[in-house]
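The structure under discussion appears below in the form of structure tokens.
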Amino acid sequence: MPFYVIKKDITEFNTDAIVNSANTLPVVAEGVEAQIYNKAGIELLNERKEIGEIQESESRISNAYNLNSKYVIHTVSPIYEDNNSFKDRLEKAYLSALKLAIKHNLESIAFPLLSGGTNGCPRHIAIEIAIDSINRFLREYDIDVYLVLYKPYRSRTSKMISHDIRMYLREQHANNRNNIFEAEMQKQSMFNMNMEIDEFPKVDTLTFQQKLFKLIDEKDYKEVEVYKQANMSRKLFSKIRSDKCYQPKKTTAIALCLALGLDLDETEDLLDRAGYSLTESIEFDLMIKFFIEKRIYNIIEINLVLHEYGKNPL
3 MPFYVIKKDI
13 TEFNTDAIVN
23 SANTLPVVAE
33 GVEAQIYNKA
43 GIELLNERKE
53 IGEIQESESR
63 ISNAYNLNSK
73 YVIHTVSPIY
83 EDNNSFKDRL
93 EKAYLSALKL
103 AIKHNLESIA
113 FPLLSGGTNG
123 CPRHIAIEIA
133 IDSINRFLRE
143 YDIDVYLVLY
153 KPYRSRTSKM
163 ISHDIRMYLR
173 EQHANNRNNI
183 FEAEMQKQSM
193 FNMNMEIDEF
203 PKVDTLTFQQ
213 KLFKLIDEKD
223 YKEVEVYKQA
233 NMSRKLFSKI
243 RSDKCYQPKK
253 TTAIALCLAL
263 GLDLDETEDL
273 LDRAGYSLTE
283 SIEFDLMIKF
293 FIEKRIYNII
303 EINLVLHEYG
313 KNPL
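Residue numbers (my numbering): 3 to 316.
Below, the structure written as structure tokens:
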């Protein structure tokens with residue numbers, strides 16, 4: 003069920019399907035639609051003509067021909083109107099494409115921003131409707147979804163914390179420069195304390211996987227809640243469950259920490275079991291520390307902020 007907001011040329015995606023923001027009639031518009039048809043070749047336009055007229059908020063599927071994806075889903079999004087029905091019609095457009103993907107047993111799909119551009123919808127409204135619609139669908143279905151944005155987007159969370167996160171990063175960078183030597187000396191001093199071997203506390207030898215599922219039990223979470231909150235596919239979560247020595251990617255481990263609502267100490271402990279840490283010298287890691295300290299755990303919102311700062315998503 004992973005949902006990613008990403009900056010990339012949609013014609014380069016190798017997802018099972020990409021979505022073309024289509025006209026009702028088989029006419030190629032300028033912009034992204036023209037790029038899709040140009041790369042796919044004349045066969046795509048010929049098949050689109052065979053499909054014929056598509057009604058607003060409905061979708062049809064075709065082969066992708068010379069594109070990297072397997073299929074193109076042609077979705078007609080509504081022209082923007084400042085009224086209550088527009089949101090419902092745009093949401094219906096997203097859901098029609100997603101349902102068609104599920105019907106054809108597709109595992110991944112990439113969307114452009116529907117109703118933006120020539121359809122006139124203000125960008126922030128189009129993005130909010132897209133995110134809400136896709137999130138609602140993913141509560142019930144398991145499919146990887148990519149929303150392609152060509153420019154950074156400031157989400158509600160980003161607007162609220164933008165000043166705080168800039169100040170936090172500035173302070174942490176300054177502290178890191180000033181305290182590196184002091185921290186190293188302190189660690190050395192602690193290590194050299196006159197302690198007998200039998201005075202050390204017992205070492206917790208649980209693996210990352212074992213500790214993860216212990217935390218899930220202790221916090222009384224359902225597994226489906228955890229992998230959905232971690233923006234993770236059921237398939238990947240099953241792989242983790244079946245292997246007590248599973249070695250996750252760092253971003254996967256961080257996502258699971260966020261899904262469990264762990265504090266900073268708990269996060270560092272779980273990451274350490276996978277061989278990772280949150281490093282003071284890496285801005286991405288500092289941003290994760292900021293989110294945890296502020297108890298911001300919604301991964302979609304976090305990914306939007308990361309996107310704004312040019313970082314890879316979780």
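C-beta: ideal position from N, C-alpha, C; glycine also. It should be emphasised that the depicted structure is a prediction, and the values quoted were computed from it without experimental measurement.
Considering only residues of the same chain and omitting the five flanking positions on each side of residue i, which have a CB-CB separation below 6 Å?
| i | result |
| --- | --- |
| Asp-18 | Lys-72, Leu-108, Glu-109 and Ser-110 |
| Ile-163 | none |
| Val-34 | Pro-114 |
Using alpha carbons as the reference points, say which of the options lies closest to residue i.
| i | options | result |
| --- | --- | --- |
| Pro-4 | Leu-97, Ser-59, Leu-47 and Asp-144 | Asp-144 |
| Leu-140 | Lys-101, Tyr-152 and Ile-218 | Lys-101 |
| Tyr-6 | Lys-230, Cys-123, Ala-42 and Ser-23 | Lys-230 |
| Asn-40 | Asn-16, Lys-51, Ala-66 and Ile-53 | Ala-66 |
| Asp-166 | Ser-135, Glu-227, Pro-114 and Phe-293 | Phe-293 |
| Glu-173 | Pro-80, Glu-282, Lys-237 and Gly-263 | Glu-282 |
| Asn-48 | Ile-38, Pro-28 and Val-150 | Pro-28 |
| Leu-266 | Arg-125, Glu-295 and Ala-176 | Glu-295 |
| Arg-236 | Asp-219, Ser-87 and Leu-258 | Leu-258 |
| Ala-232 | Asn-137, Thr-207, Gly-33 and Tyr-96 | Asn-137 |
| Glu-220 | Leu-264, Ile-256, Lys-241 and Ala-255 | Leu-264 |
| Leu-171 | Ser-23, Lys-291, Pro-154 and Ile-256 | Lys-291 |
| Ala-95 | Ile-44, Ser-23 and Glu-32 | Ser-23 |
| Tyr-223 | Lys-153, Leu-262 and Thr-254 | Leu-262 |
Roughly how far, in whole angstroms, is the beta-carbon of residue i from the beta-carbon of residue j, given that I think they are within contact range, below 8 Å?
| i | j | result |
| --- | --- | --- |
| Ala-99 | Ser-61 | 5 Å |
| Ala-112 | Val-21 | 7 Å |
| Cys-123 | Tyr-82 | 4 Å |
Please go through the same chain and pick out, in chain order, the residues whose beta-carbon is closer than 7 Å to the beta-carbon of residue i, but skip the five residues on each side of it.
| i | result |
| --- | --- |
| Ser-279 | Glu-270 and Leu-273 |
| Ile-131 | Lys-89, Leu-92 and Glu-93 |
| Asn-70 | Glu-14, Phe-15 and Asn-16 |
| Asp-245 | Gln-211 |
| Thr-209 | Lys-246, Cys-247 and Arg-275 |
| Asn-300 | none |
| Leu-46 | Tyr-39, Ser-64, Tyr-67 and Val-74 |
| Val-307 | Ser-157, Thr-159 and Ser-160 |
| Ile-298 | Thr-159 and Ile-304 |
| Val-30 | Ala-36, Tyr-39 and Leu-47 |
| Lys-51 | Pro-28 |
So, at 8 Å on beta carbons, what are the nonlocal neighbours of residue i in its own chain, with the 5 sequence-adjacent residues on each side left out?
| i | result |
| --- | --- |
| Thr-26 | Glu-55, Ile-56, Gln-57, Glu-58 and Val-78 |
| Lys-313 | Glu-285, Phe-286 and Met-289 |
| Arg-243 | Gln-211, Phe-215 and Glu-225 |
| Leu-151 | Val-7, Ile-8, Lys-9, Leu-115, Ile-129 and His-309 |
| Asp-134 | Glu-93 |
From the DSSP secondary-structure annotation, give me the bridge partner or partners of residue i.
| i | result |
| --- | --- |
| Asp-146 | Ser-110 |
| Ala-19 | Tyr-73 and Ile-111 |
| Tyr-6 | Tyr-148 |
Does residue i have its Cβ less than 7 Å from a Cβ in chain B?
| i | result |
| --- | --- |
| Glu-49 | Among the chains of the structure shown, chain B does not appear; only one protein chain is present. |
> In chain order, which continuous runs of the beta strand (DSSP E) of length 3 or greater are located wholly inside the region 60–139?
Replying inline: Runs of the beta strand (DSSP E) lying entirely within the region 60–139, each at least 3 residues long, are 61–65, 73–77 and 110–113 in chain order.
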